[in-house]
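By our numbering, the letter at position 294 of the sequence shown is numbered 296, and the numbering carries on one by one without gaps.
Data block below; observations after.
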Amino acid sequence: MTSNRKLLIGATLIGLGFTPSLIAQEVSNTIAEQAEESQKKASKKHNDVERIQVSGIKSALESGLRDKREANQVVDVIVAEDIGKFSDSNIAETLQRLPGVQIGRSQTGEGSEISIRGLGRSITTMNGRTMFTGIGRNINVKDIPSESLSGIKVYKSPQANQIEGGIAGTLDLQRVKTTNFNKSKGSINIQAQYADLSEKWAPKISGMVGDSFDTEYGEFGALLAFNHQTRNTRFDRQRTLSFGRELANPNNPDAKGSTGGGFVYGTEETKRNNIVARFDWDPNENSHYFLDMGYIDFSEDTRRNALNYRTSKIAKKKETIKIKEADYSNPNLDVTKVTYINPILQSLSQVETRDTKTYDIALGAEYFIEDVTLNLQASYVSSESDNTFKNIRLGDTAKKDEITLDYSNAKNSAPQVTTTLDFSDPSNFVINQFRDQITNTKSDEVGLRADLTYDINGDFFQSIETGLRYTSRDADRSGFDLNPKGVKVATSELADYFLLSDSDFYDGEAGLGSGFVIADMDAIVGNDAEVRDILGVKETSTAPANNLQFNITEKNLAGYVQANFESEIGNIPVSGNFGVRIVDTQRDSESLAIQGKNNEPTQVSTDETNTLPSLNVKFEVSDSVLVRAAASRVMSLPNFAALAPSVHLTSNNGNDLVIVGNPELKAFTSDNFDIGVEWYVNDSTALTGVFFYKEVDGFTIKSTNKEIHFGQEYDTQRTINGEKGKLKGFAASYQQFFDFLPGIWANFGVKANATYIDSEAPSPVDGLDLPLQDLSKTSYNLVGIYEDDKFSARLTWNWRDKYFDQLFRNKPVFNSGGGVLDASFNYKFSKKFKVKLSLKNINNKEVHSYYQDEYRPRDFAINDRRAVLGATYKF
3 MTSNRKLLIG ATLIGLGFTP SLIAQEVSNT IAEQAEESQK KASKKHNDVE RIQVSGIKSA
63 LESGLRDKRE ANQVVDVIVA EDIGKFSDSN IAETLQRLPG VQIGRSQTGE GSEISIRGLG
123 RSITTMNGRT MFTGIGRNIN VKDIPSESLS GIKVYKSPQA NQIEGGIAGT LDLQRVKTTN
183 FNKSKGSINI QAQYADLSEK WAPKISGMVG DSFDTEYGEF GALLAFNHQT RNTRFDRQRT
243 LSFGRELANP NNPDAKGSTG GGFVYGTEET KRNNIVARFD WDPNENSHYF LDMGYIDFSE
303 DTRRNALNYR TSKIAKKKET IKIKEADYSN PNLDVTKVTY INPILQSLSQ VETRDTKTYD
363 IALGAEYFIE DVTLNLQASY VSSESDNTFK NIRLGDTAKK DEITLDYSNA KNSAPQVTTT
423 LDFSDPSNFV INQFRDQITN TKSDEVGLRA DLTYDINGDF FQSIETGLRY TSRDADRSGF
483 DLNPKGVKVA TSELADYFLL SDSDFYDGEA GLGSGFVIAD MDAIVGNDAE VRDILGVKET
543 STAPANNLQF NITEKNLAGY VQANFESEIG NIPVSGNFGV RIVDTQRDSE SLAIQGKNNE
603 PTQVSTDETN TLPSLNVKFE VSDSVLVRAA ASRVMSLPNF AALAPSVHLT SNNGNDLVIV
663 GNPELKAFTS DNFDIGVEWY VNDSTALTGV FFYKEVDGFT IKSTNKEIHF GQEYDTQRTI
723 NGEKGKLKGF AASYQQFFDF LPGIWANFGV KANATYIDSE APSPVDGLDL PLQDLSKTSY
783 NLVGIYEDDK FSARLTWNWR DKYFDQLFRN KPVFNSGGGV LDASFNYKFS KKFKVKLSLK
843 NINNKEVHSY YQDEYRPRDF AINDRRAVLG ATYKF
């Protein structure tokens with residue numbers, strides 16, 4: 003055991019050391035005091051029952067406001083409108099309506115990534131326990147159905163007693179506690195979703211049954227919930243490659259032409275099965291036991307078909323693609339219209355699958371011994387993901403075809419493309435690539451924790467908390483990447499394996515008059531052996547090892563002490579907490595050093611300790627106004643893939659580059675400060691605002707230097723911890739129901755919030771001043787609400803400013819941002835039966851990205867508009 007761990011355990015045991023004497027003292031207390039404590043517990047249990055029995059939009063928003071107001075931390079709370087009922091089935095799309103929360107979307111338009119106050123490194127927990135997908139640090143929010151949850155809390159300032167891991171914040175998903183039921187409950191929900199681009203319906207069914215009952219052995223509770231969902235979506239995308247082609251613009255010597263582009267349309271089918279089981283037992287008023295289990299089976303099948311073109315040869319090769327004519331009349335553009343001779347034209351067909359299975363189980367006990375509460379918990383999480391990627395590429399055989407690109411409206415649309423090649427004729431193409439990639443990721447975590455609270459109830463200190471948490475996690479990745487060189491087979495050899503793409507690409511606005519030749523990937527996958535034989539391709543498992551492979555074992559030991567206080571300054575009640583959490587992380591990492599067909603294992607061990615203090619203070623300056631202040635240090639560990647000690651010699655057109663992982667990467671840390679004001683006018687009306695500041699240390703950047711590998715010096719690229727970055731911003735939120743108005747107007751309400759964030763961070767590209775990735779400076783949400791005894795409706799508008807999206811071949815790409823309009827309508831026929839209609843992406847938002855200059859387009863894309871019709875029956 004390291005000295006760090008000995009000190010950590012010793013410090014925490016000092017906090018725990020008062021336990022025996024305190025217990026002995028408390029046992030000697032009077033029976034009257036015991037009766038008073040029992041009455042408090044009964045009152046607490048009754049309040050929990052009332053919290054869960056939420057029904058309707060207004061009740062859910064009131065409950066969320068109540069939880070926010072009572073908390074000592076900076077937190078936002080979403081409560082289910084009924085058990086298992088949120089405004090969205092996608093968790094990310096529900097969270098985007100909170101102040102300071104921005105989301106990223108998958109290529110099909112579904113919410114998939116969450117950032118809090120400009121940072122994406124949050125931690126997602128389930129009832130306070132860690133959860134993850136595959137080898138990720140977090141769980142993929144697409145995998146979790148909201149129907150399995152009773153609430154979501156987004157903590158923006160931490161407490162010492164909370165699990166570390168998120169410099170952005172903590173996202174706690176909460177399952178129902180079954181002993182909170184005061185009677186048996188059950189529901190069944192059936193939905194059908196229609197997507198207008200894919201023109202397909204998809205089913206969804208979910209249900210829940212739960213009950214609690216008293217016996218001579220105490221109170222028991224049990225819950226079982228399930229969810230099955232299928233989703234069919236489509237996306238159409240027009241892409242322009244980076245601008246690096248030399249031009250001869252007489253008005254602009256720095257003008258560059260695009261090196262290529264293409265048309266891509268894809269479909270995605272997802273299937274999600276989820277089962278949650280929960281058992282609770284209260285044998286008496288002094289103890290509680292629970293068993294919580296979950297299972298997620300998520301599969302995703304994505305198909306992409308593309309017609310690509312290149313207008314510039316690969317670097318280092320003689321340029322054979324000539325400019326026939328060019329128009330430079332628009333001064334805002336590099337080129338207004340240009341025709342190239344002998345471009346490279348390709349058809350690309352891909353199928354990508356993900357099959358992920360995630361299990362979690364937790365067993366816990368809670369003991370109330372007078373003023374001492376002891377929580378014990380053991381948990382296990384396992385997640386395995388199988389991923390495949392298969393690619394067939396066709397290259398054109400024509401030598402004198404032409405392509406014309408018209409950029410006249412480049413700020414608002416993709417270039418109009420015309421070509422002399424008949425891309426619907428298979429004989430104009432030859433098969434020149436077959437790629438097959440198989441990747442398996444698996445991760446398991448065992449967790450043990452003990453938490454102890456001593457209620458002092460003094461004039462200042464109300465309680466002291468202390469605890470230990472130990473986790474051991476294994477993360478493994480393995481796989482094969484078969485990409486043989488020299489494939490060149492006439493399409494006639496596989497004539498039965500090709501067909502024409504859809505002809506309605508981009509609603510007919512892209513200039514593609516007909517379909518283009520694509521591979522029938524279902525037939526190719528189904529006749530794999532025959533296809534490989536004709537192409538002369540071996541089994542994928544025979545491919546040489548690559549840098550996909552690693553095994554990492556990570557052990558964390560954390561201990562904390564936290565003091566909770568209540569007092570007065572003058573006549574102002576003050577409450578809050580302060581404490582410190584110390585985290586020691588030991589890591590053993592294994593991977594491969596790869597040089598051609600030769601490889602040898604690499605091993606590295608590291609140890610790191612972080613100290614995380616925190617302070618949260620709440621001032622109740624009046625019956626309705628609160629002032630909050632918070633200060634803390636938080637941490638987030640690097641992704642496992644970045645920590646692998648891999649060494650891989652690559653060669654691109656004769657340029658050798660060694661790409662290495664970095665197991666020495668340190669944790670990201672952030673020093674956070676918050677100060678805010680909250681005005682609670684009544685139970686359903688509030689106006690809040692908070693200023694926040696973050697100083698982040700550990701942003702990663704890519705660095706290239708000369709290093710010795712395999713006995714000689716190479717240019718070597720690795721990810722390293724960079725300089726510090728800063729974020730500062732303000733978030734405001736307003737919520738009100740107009741129940742003071744007469745008649746029907748009393749049923750209306752509004753919810754709105756806005757966030758502004760400014761950042762300074764080390765740029766991932768030398769010489770370029772870039773903001774933080776995925777951060778919009780400005781974002782806001784507007785929600786209009788109507789609810790009466792039978793009918794409810796919600797209209798939501800979510801908008802965000804432009805943001806730095808990604809690097810594409812070392813060129814920064816910006817997304818123009820924009821807004822999405824959604825709506826939902828509910829009608830209650832009775833207390834047991836109601837129907838719902840939800841509409842997503844009503845305004846048919848077009849995704850637009852560009853290369854820094856808005857006149858240099860990158861992507862224009864459209865996704866499905868979706869309609870969901872459903873019915874719910876409660877019993």
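Idealized CB from N, CA, C, for every residue including glycine.
What you are looking at is a predicted structure, and each value in this text was computed from that prediction instead of being measured.
- Between the alpha carbons of L293 and I277 lies a distance of about 14 Å.
- W283 counts as buried, since no fewer than 16 other beta carbons sit within 10 angstroms of its beta carbon.
- Distance check between K838 and each of A825, K847, N845 places A825 closest, using alpha-carbon atoms only.
- Non-local beta-carbon contacts of N377 in its own chain, meaning distances under 6 Å to residues more than five positions away in sequence, involve E368, D453 in chain order.
- Put simply, the backbone Cα of K726 is about 19 Å away from that of K779.
- Sequence-distant partners of D522 (beyond 5 residues in either direction) whose C-beta falls short of 6 Å from its own C-beta, in its chain, are Y499, L501.
- Per the DSSP secondary-structure output, K402 pairs with nothing in a beta bridge.
- Of all C-beta pairs linking the segment 290 to 305 to the segment 139 to 146, three or more are shorter than 8 Å, placing the two stretches in contact.
- Assigned with DSSP and collapsed to three states, V752 falls in strand.
- Three or more beta-carbon pairs separated by less than 8 Å are not found between the segment 843 to 856 and the segment 221 to 232, which leaves the two stretches without contact.
- V519 is a Cβ neighbour of T493, given a cutoff of 9 Å.
- Under the Cβ criterion (8 Å, minimum of three pairs), the segment 609 to 622 does not count as touching the segment 653 to 667.
- In the three-state scheme derived from DSSP, where H, G and I count as helix and E and B as strand, V527 is classed as helix.
- For the pair of segments examined, the segment 167 to 176 was found not to touch the segment 334 to 344: the number of CB pairs separated by less than 8 Å stays below three.
- C-alpha of T706 to C-alpha of R720: approximately 7 Å in a straight line.
- Within the segment 635 to 688, the beta strand (DSSP E) runs of at least 3 residues that lie entirely inside it are, in chain order, 649 to 654, 657 to 662, 670 to 684.
- In chain order, L667, K668, G700, T702 place their CB closer than 7 Å to the CB of N723, counting only its own chain and leaving out the 5 sequence neighbours on each side.
- Nearest C-alpha to S159 among G113, N800, F693, W799: F693.
- A direct Cα-to-Cα measurement between E556 and T608 gives close to 10 Å.
- Shown here, N92 sits in coil according to DSSP, grouped into three states, outside any helix or strand.
- Across the structure, K830 and D388 are spaced so that their CA atoms are roughly 43 Å apart.
- Straight through space, the alpha carbons of A756 and D590 are spaced by roughly 44 Å.
- If you look at K620, you'll find it in the beta strand (DSSP E) that goes 600 to 622.
- Per DSSP, the continuous alpha helix (DSSP H) segment holding K70 begins and ends at 59 to 72.
- Note: T110 is not bridge-paired with any residue in the DSSP secondary-structure output.
- CA-to-CA, the gap between E709 and P615 works out to about 39 Å.
- A residue is called buried when at least 16 other Cβ atoms come within 10 angstroms of its Cβ; Y219 does not meet this threshold and is exposed.
- In the pairwise beta carbon analysis, the segment 639 to 646 is classified as not touching the segment 680 to 694: fewer than three pairs are separated by under 8 Å.
- Pairing R305 with Q352 gives a Cβ-Cβ distance under 9 Å.
- Here the C-alpha atom of N344 lies approximately 25 Å from the C-alpha atom of E495.
- Beta bridge pairing from DSSP links N191 with S208, T874.
- Straight-line spacing of the CA atoms in E715 and I141 works out to 40 Å.
- Distance from I584 to A560 at the Cβ level is roughly 7 Å; contact confirmed, criterion being Cβ atoms closer than 8 Å.
- Counting only residues of its own chain and dropping the five nearest sequence neighbours on each side, G366 has a CB closer than 6 Å to the CB of F292, Q379.
- Distances from the alpha-carbon of A477 to those of F580, L770, E447 put E447 closest.
- By the neighbour-count definition (other C-beta atoms within 10 Å, threshold 16), N600 is an exposed residue.
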